[in-house]
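Below you'll find the structure, written out as structure tokens, and then a few comments.
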Amino acid sequence: MINQLSWKVGGQQGEGIESTGEIFAKALYRLGYHLYGYRHFSSRIKGGHTNNKIRVSTEKIRSVSDDLDILVAFDQETIDVNFEELRQGGIIIADEKFKPVNPDDTKAKLCVVPFTKIATELGTSLMKNMVAVGASSAALGIPLENYHPIVKEIFGRKGDKVVESNIQAIEKGAEYFNREAGGPIDDFTLAPGDGKQRMYMIGNDAIAMGAIAAGVRIMSAYPITPASEIMEYLIDKLPKFGGTVIQTEDEIAAATMAIGANYSGVRAFTASAGPGLSLMAESIGLAGMTETPLVVVDTQRGGPSTGLPTKQEQSDIMAMIYGTHGEIPKVVMAPSTVEEAFYDMVEAFNIAEEYQCPVILLSDLQLSLGKQSVDPFDYNRIEIRRGKLMNESLPEIDKNEGFKRYENTPDGISPRTLPGMKNGLHHVTGVEHAETGKPSETADNRKVQMDKRLRKLRHLKFETPVHIDAKHERPDLLLIGIGSTRGAIEEAMMRLENEGVSVNHAHIRLLHPFPAEEMKPLIEKARHVVVIEQNATGQLAGLVKLNVGGRDKISSVLKYDGNPFKPAEVYKECKGVVSHASHV
Amino acid sequence: MPVTFKDFRNKVRPNWCPGCGDFSVQASIQRAAANLGLTPDSLAIISGIGCSGRISGYINSYGFHGIHGRALPIAQGVKMGNRDLTVIAAGGDGDGFAIGMGHTIHAIRRNIDITYIVMDNQIYGLTKGQTSPRSDMGFKTKSTPAGSVESPLSIMEMALTAGATFVAQGFSSDLKDLTSLIEQGIQHQGFSLINVFSPCVTYNKVNTYDWFKEHLIDLNDIEDYDPHNRVAAMQTLMAHNGLVKGLIYQDNEKKSYQDIAPGYSQEPLADTNIQLTEDQFKALVGEFM
Ligand SMILES: Cc1ncc(C[n+]2csc(CCOP(=O)(O)OP(=O)(O)O)c2C)c(N)n1
Ligand code: SF4
Ligand SMILES: [Mg+2]
């Protein structure tokens with residue numbers, strides 16, 4: 030019996046690879062296993078190699094695995110492309126139809142199953158994915174009854190006959206595999222799951238659900254990979270709450286429409302990726318200058334320009350912090366797990382309204398699209414705070430003065446009224462303005478208003494600006510990361526610790542304003558600091574050096590080939606830093 | 158006490174040049190608002206950047222002076238957030254037909270119930286006199302010293318082809334007519350585009366008040382002109398090279414975006430309770446289990 034295993038299905042895009050993974054995963058997470066998925070896909074809609082890798086474990090995992098135990102192949106390309114990843118002793122389960130060839134049978138065993146033929150005999154070749162699911166389940170020894178409710182949920186609408194033949198396809202696939210392989214393979218038999226019910230979702234689902242929990246009623250957005258699922262979820266959900274998604278003509282309209290909606294008093298936001306965020310730069314500055322709450326989600330993908338639109342990267346860090354002209358208060362937060370993505374989204378709106386400024390929620394492709402099992406979210410953790418938003422009963426104002434929307438208060442945050450409110454009338458402009466909002470270019474006023482705006486974030490309350498795992502007072506290594514690399518870093522850390530290297534881990538959750546206070550002692554006490562990030566220029570390392578220092582002991586581990594970090598890669602690079610250092 | 162146009166005045170002195178056409182647009186908006194019985198609290202004017210864009214600061218109402226070319230998406234967001242507000246977007250010809258043209262076309266076809274007033278002076282005023290998409294060919298400006306070599310946009314025709322439900326053109330000299338067009342625009346259920354010939358007395362020495370008086374055809378003077386006939390509207394515009402004033406076209410059949418967006422609340426969204434109930438939350442979570 031084993032505690033974790035990696036399974037991958039591959040074929041041509043548009044061939045049902047997605048649904049194969051989906052159904053297999055459903056049975057597993059309902060049995061109480063923890064799952065972590067990774068989709069490899071290209072910008073093509075049909076054709077092109079695609080694969081879906083799922084890691085299954087009896088314990089919580091937050092990273093892709095280093096290697097692969099089982100590869101399910103619908104074509105030879107899948108075998109050729111993924112063979113290297115297979116571990117010694119792994120198996121390939123392949124469709125007989127393409128006459129699969131095993132590149133090296135001393136490494137992996139090939140088990141040929143007639144996916145297409147069995148499916149066709151049962152009525153339609155479309156069910157070949159069900160046959161593959163059946164064969165996979167047989168290898169793992171998963172009882173097939175688990176699929177009955179799942180198949181009913183998916184195909185129930187199409188009638189009993191369709192349900193019945195899909196179940197048969199699963200059973201036939203399992204039977205065939207068992208005959209060929211002589212029953213479940215010991216090496217692949219998983220210890221039982223804990224039976225706990227979890228959610229199975231991508232980060233974008235959590236972000237979108239977080240928006241609903243935050244009370245969002247308008248999303249204005251322009252489609253882009255890997256952000257579109259957020260919009261898709263809300264297109265379905267918002268109308269049920271009286272709200273709406275508006276697909277705008279571009280991202281400038283998306284951001285400015287969200288600004289207009291927030292100004293009117295409704296919680297609104299937009300979500301995009303690098304190219305869209307570049308277009309929004311001026312709008313984000315407008316939100317900062319007019320102190321209008323605004324939430325923008327950036328699901329990072331490979332840049333620059335169109336870059337690697339379907340691949341993992343974390344290269345928008347600097348652009349998100351600095352990407353507008355002039356100087357504004359702005360918050361950039363970076364969830365590192367699906368749970369955090371949900372709760373952070375609610376908090377993003379609270380912060381945007383409390384501090385009356387733009388908030389950027391920085392995700393990355395692996396966090397946004399990697400499907401994983403998650404403990405059900407907690408209703409009691411959802412809190413809505415709207416800061417100094419005034420209610421209707423306001424004292425009468427002098428008509429010629431208007432309401433002091435930009436009153437110079439000690440904390441820099443001014444009372445906010447909404448259009449429609451009696452006695453709250455004021456002007457808003459991106460031009461420098463006085464307390465009433467009317468344009469003013471005097472030197473004195475400029476300084477007062479600039480200081481007021483920038484003062485707002487001085488006492489920003491943020492629950493966990495850095496996720497710190499520091500067991501050691503003076504560790505050999507401090508690993509610093511951000512976003513979806515958290516799991517890979519945690520696993521690398523475990524391996525290093527097992528080898529006697531003492532390691533602390535700091536995962537940055539609040540990127541701007543930078544949590545220098547929290548980071549300083551951690552860096553000072555570590556012998557070496559390794560910043561692990563998915564870009565080519567070490568942007569996060571640069572920020573650490575800028576805000577905290579420690580230049581002489583910081584090194585970078587970078588990856589920018591489009592794929593997420595694997596634990597072994599982080600481990601190897603960090604190991605290199607330690608052993609190199611011990612030689613000098 | 159009934160509202161009068163004075164309720165929409167504030168003490169801010171416009172920094173427009175004496176004689177600028179935008180003064181009349183300001184006055185017309187104030188009068189139209191008063192005539193319709195609006196209150197300053199219930200009116201939001203969203204403007205772009207340019208001499209014209211300053212208008213939101215010169216009217217006693219809620220106002221948002223945004224960024225160049227983006228008055229329309231901001232205004233649409235305001236209206237969608239609070240459908241009870243009267244929302245006017247305003248700006249220049251550069252703002253709406255150059256940098257913001259994408260938004261103009263899409264606001265027209267989206268048909269959210271706001272009124273868009275363009276102060277069209279065929280020039281960039283604020284940046285001191287460069288050519289605009291509305292400048293005539295051969296028009297000499299700072300950026301086209303030898304005369305513009307690009308064709309001007311036929312904006313009213315363009316609006317018709319984009320599916321506009323309310324298209325009108327006014328002239329700064331005719332305060333009464335302009336006020337009436339703005340009133341009709343505000344009352345129209347859907348997106349209203351009102352292009353106003355609003356002379357720049359400083360940088361446009363060709364398209365002056367006198368020039369417009371000489372060239373503009375009043376649609377009221379065209380016998381049997383029917384503003385509900387799209388084909389006739391297009392023909393009239395083409396026949397007169399777009400130099401007409403009055404209500405050009407109105408479609409009272411097509412429903413506004415707010416009225417057809419599925420599920421969209423009848424109550425202003427800004428007033429609704431946003432806290433999820435535990436049951437709603439559990440249902441959302443359950444979908445992923
Ligand atoms: C993004 C951006 N580009 C350029 C400018 C400079 N700018 C300000 S107003 C303007 C054009 C003004 O022309 P128009 O919109 O016709 O307004 P008018 O001044 O004529 O009323 C320009 C180019 C700016 N403010 N923002
Ligand atoms: S420059 Fe022209 S548009 Fe600007 S205020 Fe003066 S007259 Fe009006
Ligand atoms: Mg102009």
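Protein chains in written order, with the numbering used here: chain A, 30 to 613; chain B, 158 to 446.
We put the beta carbon where it would ideally sit given N, CA and C, even for glycine.
Computed from a prediction, not measured in an experiment: that's the story for all the values here.
Taking C-beta atoms under 8 angstroms as the contact rule, Ala390/B and Leu335/B fail to qualify, at a distance of about 19 angstroms. Ile274/B is positioned such that its CB atom lies no closer than 7 angstroms to that of His225/B.
Nearest to Ile203/B by alpha-carbon distance, out of Gly459/A, Glu114/A and Val130/A, is Gly459/A. Remark: the shortest separation between the CB of Ser329/B and any heavy atom of ligand 1 does not fall under 6 angstroms. Runs of the alpha helix (DSSP H) lying entirely within the stretch 154-192 of chain A and spanning at least 4 residues, in chain order: 157-169 and 176-184. Any Cβ of chain B closer than 7 angstroms to the Cβ of Leu97/A would place that residue at the interface, and such an atom is absent. Between Leu338/B and Leu404/B, the alpha-carbon positions lie close to 7 angstroms from each other. Counting only residues of its own chain and dropping the five nearest sequence neighbours on each side, Ala256/A has a CB closer than 6 angstroms to the CB of Ala300, Ser301, Ala302 and Thr328.
When CB distances to chain B are screened at a threshold of 9 angstroms, the residues of the stretch 241-260 of chain A falling below it are Ile241, Ala242, Ala243, Gly244, Val245, Arg246, Ile247 and Ser249, in chain order. Secondary structure note for Ala535/A: its beta strand (DSSP E) is the uninterrupted segment Val532 to Ile537.
For the pair Lys236/B and Ala287/A, the Cα-to-Cα distance works out to about 11 angstroms.
Here Tyr406/B is buried: its Cβ has 16 or more other Cβ atoms, across all protein chains shown, within 10 Å. Sixteen is the threshold: when 16 or more other Cβ atoms of the shown chains lie within 10 Å of the Cβ of Leu315/A, as they do, the residue is buried.
Legend: CB atoms of the stretch 205-235 of chain A lying less than 8 angstroms from CB atoms of chain B belong to residues Gln226, Arg227, Met228, Tyr229, Met230 and Asp234. Excluding sequence positions up to five before and after Leu376/B, its CB lies within less than 6 angstroms of the CB of Tyr382, Val401 and Gly403, all in the same chain and listed in chain order.
By the Cβ neighbour-count rule, Gln401/A is buried, with 16 or more other Cβ atoms within 10 Å of its own. Of all residues in the stretch 342-357 of chain B, none comes within less than 8 angstroms of chain A when Cβ atoms are compared.
Here the residues close to ligand 3, judged by CB distance below 6 angstroms to any of its heavy atoms, are Gly207/B, Gly249/B, Asp250/B, Gly251/B, Asn278/B, Ile280/B, Tyr281/B, Gly282/B and Ser289/B in chain order.
Taking non-hydrogen atoms of ligand 1 into account, the C-beta of His345/B is found less than 6 angstroms away from none of them. By the 16-neighbour rule on beta-carbons within 10 angstroms, Pro129/A is buried. Look at Cys208/B here: in three-state DSSP terms it is coil, with no helix or strand label. For the set Ser585/A, Met374/A and Ser249/A, the Cα lying nearest the Cα of Glu412/A is the one of Met374/A. Per DSSP, the continuous beta strand (DSSP E) segment holding Met362/A begins and ends at Val360 to Met362.
Residue burial annotation: Asn239/B is buried, with at least 16 other C-beta atoms found within 10 angstroms of its C-beta. Of Arg170/B, Leu193/B, Ile212/B and Tyr281/B, the smallest CA-CA separation from Asn429/A is found for Arg170/B.
In the three-state reduction of the DSSP assignment, Asp279/A falls in the coil class, being assigned neither a helical nor a strand state. Distances from the alpha-carbon of Gly399/B to those of Gly214/B, Ser355/B and Gln326/B put Gln326/B closest. Beta-bridge partners assigned by DSSP to Ser213/B: none are found.
No Cβ of chain A is located within less than 7 angstroms of the beta carbon of Glu314/B. Using a Cβ-Cβ cut-off of 7 angstroms, Ile413/A counts as an interface residue toward chain B, since at least one Cβ of chain B sits closer than that to its own.
One thing to note: Asn32/A has its Cβ within 7 angstroms of the Cβ of Ala220/A.
In the DSSP annotation of this structure, the continuous segment of the beta strand (DSSP E) that includes Tyr229/A starts and ends at Met228 to Ile231.
Under the DSSP assignment, Ser402/A falls in the beta strand (DSSP E) whose first and last residues are Lys400 to Val403.
Within 6 angstroms of the C-beta of Trp173/B there is at least one heavy atom belonging to ligand 2. Between Lys595/A and Asp95/A the beta-carbon gap is near 5 angstroms, inside 8 angstroms, which marks them as a contact.
Per the coordinates, the alpha-carbon of Asn207/A lies some 10 angstroms from the alpha-carbon of Gly170/A.
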